[in-house]
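Going line by line, the protein sequences match chains A and B.
Under our numbering, the first residue of the first sequence is numbered 90, with each subsequent residue one higher.
Under our numbering, the first residue of the second sequence is numbered 406, with each subsequent residue one higher.
Don't be surprised by glycine CBs; every beta carbon is placed ideally from N, CA and C.
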Amino acid sequence: MTGRGSSRGSARGPNESADTSAVDRGERFLVEASGTDISPSTNVARGLAATLEALVEVLIPGDELFPSALKVGAHGLLGDTVRKVHGQPALDAISEGLVTNKRMLHQQSHLDRVETVRRFEREEPELFSFIRMVAYYSYYKDPLVTRAIRALGHDYNDSPQPEGYDMVPFDPSVNAPAKPRGRYVQTAAVVPVDPNELDFDFGEGSDE
Amino acid sequence: MNNGGHSDPVDVLVIGSGMGGAVATKILAESGLSVVCLEQGTWAPPEDHPHYSPDWEWQRATNWNTAGNIRRRPSDYPVATEDELTLMWNGVGGSTVHYTATWPRLRPSDFRKGIEHGLAPNWPFTYEDLAPYYEVNDRDCGVSGLKGDPAMPPREDYQTPPTPHGPFGRVAAKGFDALGWHWWPMDEAIITEDYDGRHACNNCGNCQSGCPRGSLADVAFTHWPKAIVAGAQLRTNCRVERVETDRAGRATGAVYVDRMAGTRHFQAADIVIVACNGIGTPRLLLNSANNLFPDGLANSSDQVGRNLMHHGLAIVEMWVDEVVDSHKGITSAAIICSEFAETDTSRGFINGLTLHVARLNGAGYQALGSHSANIAPWGTEHHAWFRSHFGHGLCILVVGEDLPLPDNRVTLSETLTDSDGISAPKVSYKLHPNDRRLMDFGIARAEDVAKAIDAFDVNVNDFGASDGAYAPPAWHLLGTCRMGKSPEDSVVNQWLQCWDVPNLYIMDGSVMPTSGAVNPTSTIGATVVRATAHLRDNFADARRATKSDLEKERS
Chain A
90 MTGRGSSRGS ARGPNESADT SAVDRGERFL VEASGTDISP STNVARGLAA TLEALVEVLI
150 PGDELFPSAL KVGAHGLLGD TVRKVHGQPA LDAISEGLVT NKRMLHQQSH LDRVETVRRF
210 EREEPELFSF IRMVAYYSYY KDPLVTRAIR ALGHDYNDSP QPEGYDMVPF DPSVNAPAKP
270 RGRYVQTAAV VPVDPNELDF DFGEGSDE
Chain B
406 MNNGGHSDPV DVLVIGSGMG GAVATKILAE SGLSVVCLEQ GTWAPPEDHP HYSPDWEWQR
466 ATNWNTAGNI RRRPSDYPVA TEDELTLMWN GVGGSTVHYT ATWPRLRPSD FRKGIEHGLA
526 PNWPFTYEDL APYYEVNDRD CGVSGLKGDP AMPPREDYQT PPTPHGPFGR VAAKGFDALG
586 WHWWPMDEAI ITEDYDGRHA CNNCGNCQSG CPRGSLADVA FTHWPKAIVA GAQLRTNCRV
646 ERVETDRAGR ATGAVYVDRM AGTRHFQAAD IVIVACNGIG TPRLLLNSAN NLFPDGLANS
706 SDQVGRNLMH HGLAIVEMWV DEVVDSHKGI TSAAIICSEF AETDTSRGFI NGLTLHVARL
766 NGAGYQALGS HSANIAPWGT EHHAWFRSHF GHGLCILVVG EDLPLPDNRV TLSETLTDSD
826 GISAPKVSYK LHPNDRRLMD FGIARAEDVA KAIDAFDVNV NDFGASDGAY APPAWHLLGT
886 CRMGKSPEDS VVNQWLQCWD VPNLYIMDGS VMPTSGAVNP TSTIGATVVR ATAHLRDNFA
946 DARRATKSDL EKERS
């Protein structure tokens, strides 16, 4: 956690201390999740934490504008949510399912990580879908990401309220059809059609 | 469970506080009658909505999910089904708490399907009979729209102008114009100007987690405050177990569980109104079976629970080069196309469909494929996909009329119960081949629009399950206690009065004999306004009504 740690720090505000970093938050959660007696499972928890870090980094890497999912701490929420919804066995399944050649995900090369995640997606489609959903929602709620969306030129709020969005009010001269079309059948003009002309079995009888 | 005893008898007991229950309670309480409403959930105050939190999209997918089977709040009850994902909200306001308030009316021909093709019944009244009550209900709810739609009968003024269209509307209109098809601003029960003490919509784009501003016509904002001021009693967290009857077969009241106190009570009333919508109402009637009504209350016709309709639904999403601000403005449709709303058997099916142009919600939802599972790829391509798609998408909802089929039905689960031990509903629903063809036609027309607007990416969600079956989100719960002209083939008469139990009324979507091809809530509201006004004006007779009185209703 060297390069990621330094870039994470630089992406955050100057008043935020290192111990509030996303990676640390994720690790803390995972340690807490393992129970009050943390010493026997510390290695396991740290291994799982590192796996989740590597996983979200593969799912949503950063680019010149957007931060990575790791940088915004998506792995912490991912671990939290998987445990709450599917329990510890699901976390174990993630950790074990992402092992390739006895190496955990974070111990693999970048190319191997991508292949490993692709294999996991094939082998555990439902769990992977859940992971992706949680990771994406966790990612796109982060203020760093909404800031990047705004940098693309979109008017995008951190949350829908209280501001809402200014929109140009409806103007009939612009927003209504220039040549209104359409028709309806009046009550007295409703006439029978023959459904038997259609190639369906509508069953017996009718309602009229 | 402790017995909490009996409450003082009232004139009217209403079960359920959604559109039907709220409308009925308000009208009857304002006329001076004593009214108690029992609601199994509670209020959803503005501060409880997710709109103010950065994780609003996650909440929308979880504890504000539209499906009770996913949301699983204590007030929710399970729905046993593998055929659909049933939308409902169990709290004050019912499903108006998290619907989109899309507010089109049925068309005149929708009331005449018995004449048109005979595979569904006529309504016991016409569009013209209902039109004045549409207007009353619109005024109570506050509706935005534009007069002059040539595809609908003339109507009175809207309360506020249409919702803003923005670039999204211009792009969609370009497509419909190129194809020479009808389009018109959609009627919405969302106010665009301050109205009746409520704030105008500020286009926040998260309608389906409720509207904490009260701009959207959630009856918890529009009706309940007035009903309570008029003297109505709304008892929350009170889950009704069964409606009781006397030896003469008249309803005497209801047994309910106070979920907070853990006590069971009986509320007596001269008139009982069930307003739990298309799943909850048949569930309650079937759970109320007794010696006199062994097949469930008001079920001598064997129609309670049958003829379930949801509408056929497909969503065709398309992405264009222009920025269309897919996340801004009302969630649901800003534009309706009624070009294919009337039956034309040359298309190969009966009944019709409408196309609704709608937006795509927030960034997380759009990255997760919006409504059609066009999911942003993970990995190095993720951000490129997001740049090209976010804010560039729109969707067309294909909303088709579905036939009322007797085997599409609500029964009681033999194994599943709610947290109070009351049998859960079991839902079976399949599309008729006619309706499948109708939907395929509609999907193809939506794809025509995508071509007409030069969409660079198109994705279709036909709600096909892995086994190929149609598994819809079931937004609309209709038809399971159909109204009609005869006790042999319907549950209620045109005044929503049960043929079998003359002082029992059903006031919700379950009474609709057909679904039309549009969202039903404006029609549910208008139908309930009409029936409740009749009940109010004839209350002295109604509280003494007998089955023989109802025979006069037969035509």
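The beta-carbon distance between W508 of chain B and S927 of chain B, rounded to whole angstroms, is 5 Å. This is short enough to meet the 8 Å contact definition.
Around the beta carbon of D872 of chain B, fewer than 16 other beta carbons lie within 10 angstroms, which makes this residue exposed. About 5 Å separates the beta carbon of A622 of chain B from that of A506 of chain B, a gap short enough to meet the 8 Å contact definition.
For I801 of chain B, the enclosing beta strand (DSSP E) begins and ends at G798 to G805. By the rule that beta-carbons nearer than 8 Å mark a contact, F289 of chain A touches chain B.
In the structure shown, the three-state DSSP call for N756 of chain B is coil. Remark: C-beta atoms of L836 of chain B and P907 of chain B do not approach each other more closely than 8 Å. For D460 of chain B, the nearest CB of chain A lies under 8 Å from its own CB, placing it at the interface with that chain. About 16 Å separates the beta carbon of L511 of chain B from that of W880 of chain B, a gap too long to meet the 8 Å contact definition.
In terms of Cα proximity to A945 of chain B, the closest of B:V428, B:L438 and B:C800 is B:L438. Between the stretch 277-287 of chain A and the stretch 744-756 of chain B, the count of Cβ pairs shorter than 8 Å is three or higher; the stretches touch. With contacts defined by Cβ atoms closer than 8 Å, P830 of chain B and R688 of chain B form a contacting pair.
Residues of the stretch 245-257 of chain A whose Cβ lies closer than 7 Å to any Cβ of chain B, in chain order: Y245, D247, S248, P249, Q250, P251, G253, Y254, M256 and V257. In the structure shown, L718 of chain B falls within a strand segment according to DSSP collapsed to helix, strand and coil.
Scanning its chain for C-beta atoms nearer than 6 Å, with the 5 sequence neighbours on each side dropped, one finds around A694 of chain B the residues G701, in chain order.
Straight-line spacing of the CA atoms in F698 of chain B and Q613 of chain B works out to 39 Å. Within the stretch 259-278 of chain A, those residues whose Cβ lies closer than 7 Å to any Cβ of chain B are, in chain order, F259, P261, N264, A265, P266, P269, R270, G271, R272, Y273, V274, Q275 and T276.
DSSP places H175 of chain A in the uninterrupted alpha helix (DSSP H) bounded by A163 to H175. Remark: C-beta atoms of P451 of chain B and Q464 of chain B do not approach each other more closely than 8 Å.
According to the DSSP assignment, D290 of chain A belongs to no beta strand (DSSP E), since it is labelled neither H nor E. N712 of chain B is a Cβ neighbour of T885 of chain B, given a cutoff of 8 Å. The closest CA to that of T531 of chain B, considering only A:F289, A:L144 and A:Q275, is found on A:Q275. In the displayed model, Y457 of chain B falls within a helix according to three-state DSSP. Pairing E210 of chain A with G186 of chain A gives a Cβ-Cβ distance that is not under 8 Å. In summary, R575 of chain B is exposed, with fewer than 16 beta-carbon neighbours lying within 10 Å of its beta-carbon over all protein chains present. Per DSSP, the beta-bridge partners of S549 of chain B are B:T565 and B:E593. Residues T919 and G921 of the same chain have their beta carbon placed closer than 7 Å to that of D515 of chain B, with the five preceding and five following residues left out of the count.
One finds G271 in chain A with Cβ atoms closer than 7 Å to the Cβ of D554 of chain B, taken in chain order. Bounds of the alpha helix (DSSP H) holding D582 of chain B are G571 to L584. For M557 of chain B, the chain A residues whose Cβ falls inside 7 Å of its Cβ are Y273, in order along the chain.
DSSP places Q638 of chain B inside the beta strand (DSSP E), whose first and last residues are Q638 to R640.
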